[in-house]
Every structure is written in C-alpha cells, then in structure tokens.
Amino acid sequence: MERLVYKELVRWKTDTNRKPLILDGVRQCGKTYLLKEFGSKEFDNCVYCNFEETPELKKLFDGNMEPSRIVRDIELIKNVKIKAGKTLLILDEIQECDSAITSLKYFHEHMQGLHIACAGSLLGILKSEASFPVGKVDTRHLYPMNFCEYLMAEGETSLAEFILSDPKPDEVSEPIHETLLRLLRDYCIVGGMPEVVYSWTKHHDVNKVDSLQKELLENYEKDFAKHGGDMVETLTSVWKSLPSFLSRENRKFIFKDLKKDGRSEDFRDPVQWLSNAHLIYKVDQIKGHAYPPSTERDEKQYKLYMCDIGLLRAMAGHPAGIMLTENDDTHLYKGGMYENLAVCELMSAGAEDLFYWREGRYEVELVSAIDGRSVPIEVKSGVNYSTESLNRYQNDYNISWAVIISKRLPKISNGRTTTPFYLAANIQRRGTTYLGDSYVNTSGLPYEFLFGKDDWAEDSEGLKIVIPADKHHRGQRPECIVQIKEENEWKDAGANISMNEGDIVIRSDIRFDGRAIIRL
51 MERLVYKELV
61 RWKTDTNRKP
71 LILDGVRQCG
81 KTYLLKEFGS
91 KEFDNCVYCN
101 FEETPELKKL
111 FDGNMEPSRI
121 VRDIELIKNV
131 KIKAGKTLLI
141 LDEIQECDSA
151 ITSLKYFHEH
161 MQGLHIACAG
171 SLLGILKSEA
181 SFPVGKVDTR
191 HLYPMNFCEY
201 LMAEGETSLA
211 EFILSDPKPD
221 EVSEPIHETL
231 LRLLRDYCIV
241 GGMPEVVYSW
251 TKHHDVNKVD
261 SLQKELLENY
271 EKDFAKHGGD
281 MVETLTSVWK
291 SLPSFLSREN
301 RKFIFKDLKK
311 DGRSEDFRDP
321 VQWLSNAHLI
331 YKVDQIKGHA
341 YPPSTERDEK
351 QYKLYMCDIG
361 LLRAMAGHPA
371 GIMLTENDDT
381 HLYKGGMYEN
391 LAVCELMSAG
401 AEDLFYWREG
411 RYEVELVSAI
421 DGRSVPIEVK
431 SGVNYSTESL
441 NRYQNDYNIS
451 WAVIISKRLP
461 KISNGRTTTP
471 FYLAANIQRR
481 GTTYLGDSYV
491 NTSGLPYEFL
501 FGKDDWAEDS
511 EGLKIVIPAD
521 KHHRGQRPEC
531 IVQIKEENEW
541 KDAGANISMN
551 EGDIVIRSDI
561 RFDGRAIIRL
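Using the working numbering, the letters of the sequence shown map in sequence onto residues 51 to 570.
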C-alpha cells in the first residue's frame, strides 16, 4: 500500500547531511511495513532488528557504544553483511531498548554513512531512561492512511492523482464530485488503519472491518494498562468519551462530565499522554485572531479528536449504514464525524497544530497556520448550512480570506474557498495558493517562519536551518531577513543566508530562537 511519506524517506536517503531516522506514529499505523518496503526497494539489502520480538538483541547495545562493534555483532548474530550506503538497518520498537536510543548519537557522529531507520512509539521513546539524542536524529511522522492513500489502496489511482494535482474548481465535474463523495463515505466507515484498509480492499466486508477495528481499540486500552501507570483509569475515561463529546452541538471537552468537580489540571497529563501516543489530536480554543494562532490559545479550553475516523465510528458503536443516510436524527453524530475527518486530513498534510475560535454562540471549527497567516476553516457536514459564525469572525477581525469544508462542489467566491472534504488536505498541503489567486496574491505577501534552538541542524560547516521552497512558496530567489528577539523587539540576527534552488539556508555560529521573513 502506497504511502505519501515514502518520498520523504527517499529524500532522507540521498541527503548527505542525514542523521539516523526515527519514524514515529500511533501503534499499528504501518511503520514497520513502510520501512521494510523502503529497504527492499531502495537498498541492496535490509537488516531488520525488533527489540520487542527478539529481546536478546538488546544485549548487543550493552557496554561500549562503538558503532563498528555494534554493527559487527549484528552481522554475526543475523549472518548478514551490513555495508554503508548499501544497507538499511532497521531498529524496530526502539523504545524497548534505552541503549539503542542512546547509540544513535554515536552512529551519527562516527558512522554517518550507514543508513539507520528506527520505528517506535514516541511516547515510549520520550519516557525511556535513555538520554534522547537531541539534534542527532531526523524524525518523520506516519499517520493513519488519509483519504488519498485509501484511494490508492482501493485501486482508484487516477482519482488519487487527480486530488494530488490540486484541481481548480472548474476542473471538478459533478460526476467526479459524486464519485469521490461516495468513496469518502466508505472511507468514513473503514478509516485509515492499514490492516483494516487491506481487509476492506480484499473482501469489502463490513463485518470484518468492525471486528478488526474493535481489536485495535482493545489493544490500545491494553497499552493504557501497560504504559499508563497510575493514569490508567483517567486515560480510559477520556479515550472512551470522545464519541460522546463529538456527538454534541458544543464539542468542547467538559471536565465535570467525566469527574465531579473536575478541573483542567485533573486531565492535563492524561490528555498529553494520549496526544504523545498520537491517539488523539488536542485542538485548543483561541480568543482572537493572530499569527501564529498559538499566541491566543487557551490550553484549558479544548476539543479532542480521534486519530482515525474509522476507529471513531467503531467506538461510537454506530452501524456502517448510518453514513449513507441523511436525516435529522444523525446530523450531530455525523457533524462530529466529518469535523474529525477534516482534522485528520489537515494533520496528515502537515498541520503542526490546529485551533478553534469561540465567542458566545459563535464558533469557527478550525483555525490553522498556513503560509504565515491564520486561516479560519468552517466545517459543514452537509450541503445546506449557515455561515453566521464565519461571517462574525471575518467581520470582527477584518479577514478577507477563509475556507469552508463541506460536501458542496469546490468554489472560490467573495473571499472564501469552498472545498469538499476529499480535497481538504490540499488546503494545508498547497498553502495559501489554494485560497485562490482572485483575492490572495501569495507572492506579494510575506511568509513568516518561526524557529527555536532545537530546530538547528549540524553539518560539517556548522549550524543551519533550511526552509524549502515548497514551504515558503516565494519563488527561486526570494528576499529573506532573519531576526532575533531581544528585549521584546525583533532585531537583525546577523545570520548568513544563501539560496539553493529556492530553498533558503540560514547559517549561524550559535543556536537561537528567531524568525525568518520571506518575500518575493
């Protein structure tokens, strides 16, 4: 099954400044399969080590951390040859071996030519007793399969390529629109967990889908018991409450509904645990319009969404047929489902954080940071709807651009892009160019890129930060200034700036928190 992140793995392979790779994501989202596929296609051979299935492999990382010694021992135990540049060494379930996590630093420093890719739970990695090798590893995240990947698995390659081509509104005909909506309804039933998708593509049996989804949900709850410590009861309570909260008119997480006199502090650690495990997405409320939207966040007011739309349906206990009906009895449930779908699509396309805005009875479901600005996104599960809240938001903050995700045909009109759910990921993936050149001249607007001390990478020339051209969308030779904040004022950072086919390379002798402002 094809995954869109595969191209990022190929780029990592050819990067001369690469570091050992950690591929993280929710359990059973396809990390192992993807790395094995990558190894078999892109390398002469692939050596696979799993610390959970074969615990004795942990002993190979005991003692001194000399990479050549570790590689030699793996070769002897596995009866294989490991050659730099020719072999992919996969360390799976790396969170089970603290010393293997520590060893990545030494592989980066002393054996950079060897390609090492690790799979594991970020939750387990962060809680391990090992010293995490900050700045010595590359990380990539794997999400459950999004709608486009689901289409490819279903054999609908042409439709998937059509979506990825970022079609203009007039290129989406009504027959194509109806076909994609029909397939989208199937996706809301099946979801994006690879094992479930595979079963569906082979059998198209909803009963098999239900059985596999329930098994996955049971396994996640077993993980709560195994790794959750004294939070097990609260973790389970929060996790099982998601369908209920998402079936309400007001989908905000209400503490007192789960615990009498409950406060935000009672749920802070369990919610963070579930978020670190990539089982949920936490969407904080913002009080006003600003960029980045995080400057207006209220971390005590939030909504929670599940990592996979199919698992949400299974946990809610609703039959698959409910997604095929249109009646008032199910509109709140389906409204929450489609809102969750929009969140999953945007996150899989690269959204780092999502927010929502609420003032009195007005609410805009999502606000995302896209290309240096905060974009309000209204989510509507049907074709007949009111935009009263979005009108209020745009009027209050004088916002000339917004997005509506719905089941309507795509359209750009009066400062708004209406996009169907099947194109939702393109909002984040394509940036503000997706909002329509008729009222957003992207090239004339500055792009602001905020970075922290941990974002600096090291190579033979020192410290650097790279801003890819396909991220800033400001051409091959844009103007760029780099600033550092001192005494609440932005000042020139004195960094060295160069261009490489549109990619902006910032170099410095020291790490600092700052921003880059890029314009054509």
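The C-beta atom is built at its ideal place from N, Cα and C for all residues, glycine as well.
**Study point:** Neighbourhood of W323 by C-beta, 8 angstroms cutoff - its chain only, sequence neighbours within 5 removed
**Key:** L173, G278, M281 and L285
Check your understanding: Looking only at its own chain, which residues have a Cβ that is under 6 angstroms from the Cβ of L362, when we skip the five neighbours before and after it?
Key -> M356 and N390
Exercise for review: List the whole-angstrom C-beta distance separating H523 from F499, where the pair is believed to meet the contact cut-off of C-beta under 8 angstroms.
Suggested key: Not quite, the Cβ-Cβ distance comes to about 12 angstroms (not below 8 angstroms), so this is no contact.
Check your understanding: Comparing alpha-carbon positions, which option in G432, E537, P70 and D220 lies nearest V573?
Key -> The first residue shown for the chain is 51 and the last is 570, placing residue 573 beyond what the model contains.
**Study point:** Rounded Cβ spacing between D188 and W62 (contact assumed at less than 8 angstroms)
**Key:** 6 angstroms
Exercise for review: Please work out which residues of its chain come closer than 6 angstroms, Cβ to Cβ, to R119, disregarding the five sequence neighbours upstream and downstream, and give them in chain order.
Suggested key: none
Exercise for review: State buried or exposed for P369, treating a residue as buried only when at least 16 other CB atoms are found within 10 Å of its CB.
Suggested key: exposed
**Study point:** Uninterrupted beta strand (DSSP E) stretches inside the segment 110-166 (no shorter than 3 residues)
**Key:** 137-142
Exercise for review: Evaluate the contact criterion for the segment 197-209 versus the segment 91-99: three or more CB pairs, one atom per stretch, below 8 angstroms.
Suggested key: no
Check your understanding: Hey, Y472 and I213: beta-carbon distance below 9 angstroms or not?
Key -> yes
Exercise for review: For my contact list, R565 and Q533 are in at a C-beta cut-off of 8 angstroms; report their separation, rounded to the angstrom.
Suggested key: 5 angstroms
Check your understanding: Between L296 and K457, is the Cβ-Cβ spacing less than 9 angstroms?
Key -> no
Review point. Since Q335 is in the beta strand (DSSP E), which residue starts that stretch and which ends it?
Key: I330 to I336
Point to revise | Residues bridged to N476 (per DSSP) | key: N476 pairs with nothing; no bridge assigned.
Check your understanding: Between the segment 122-129 and the segment 97-113, are three or more C-beta pairs nearer than 8 angstroms?
Key -> yes
Review point. Going straight from the alpha carbon of R411 to that of L73, what length do you get?
Key: 41 angstroms
Check your understanding: Nearest to G360 by alpha carbon, out of G242, G367 and P320?
Key -> G242
**Study point:** CB of D504 within 9 angstroms of CB of R561, strictly
**Key:** yes
Review point. When DSSP builds the beta bridges, which residues end up paired with Y341?
Key: BP columns for Y341 are empty, so no partner.
Review point. Which whole runs of the alpha helix (DSSP H) in the segment 241-309 are 4 residues long or more, in chain order?
Key: 244-253, 256-277 and 282-296
**Study point:** Per-residue DSSP class, three states only, for D553
**Key:** strand
Review point. Taking Cβ to Cβ, would you say Y352 is nearer than 9 angstroms to K384?
Key: no
Exercise for review: Starting from V429, follow its DSSP beta bridges and name the residues at the other end.
Suggested key: I455
Exercise for review: Could you say which of Y497, D216 and A545 lies nearest to I515 if we only look at CA atoms?
Suggested key: A545
**Study point:** Contact check, L141 vs A150, beta carbons under 9 angstroms
**Key:** yes
Practice item. Give me the Cα-Cα distance between V55 and K310, rounded to the nearest whole angstrom. Key: 43 angstroms
Exercise for review: Return the residue from the list N257, P470 and V121 that minimises the CA-CA distance to V433.
Suggested key: P470
Exercise for review: Would you list the residues sitting across from G22 in a DSSP beta bridge?
Suggested key: In the structure as shown, the chain begins at 51 and stops at 570. Residue 22 is therefore absent and cannot be evaluated.
Point to revise | Alpha-carbon spacing of G312 relative to Q78, whole angstroms | key: 33 angstroms
Practice item. Express the C-alpha separation of S325 and F317 in angstroms, rounding to a whole number. Key: 12 angstroms
Practice item. Check I449 in the structure and name its three-state DSSP category. Key: coil
**Study point:** Short CB-CB distance (under 9 angstroms) between F317 and chain D
**Key:** Reference to chain D is not applicable here, since this structure consists of a single protein chain.
**Study point:** P518 classed as buried or exposed, judged by whether at least 16 other C-beta atoms fall within 10 angstroms
**Key:** exposed
Review point. So, is H254 buried or exposed, given that buried needs 16 or more other C-beta atoms within 10 angstroms?
Key: exposed
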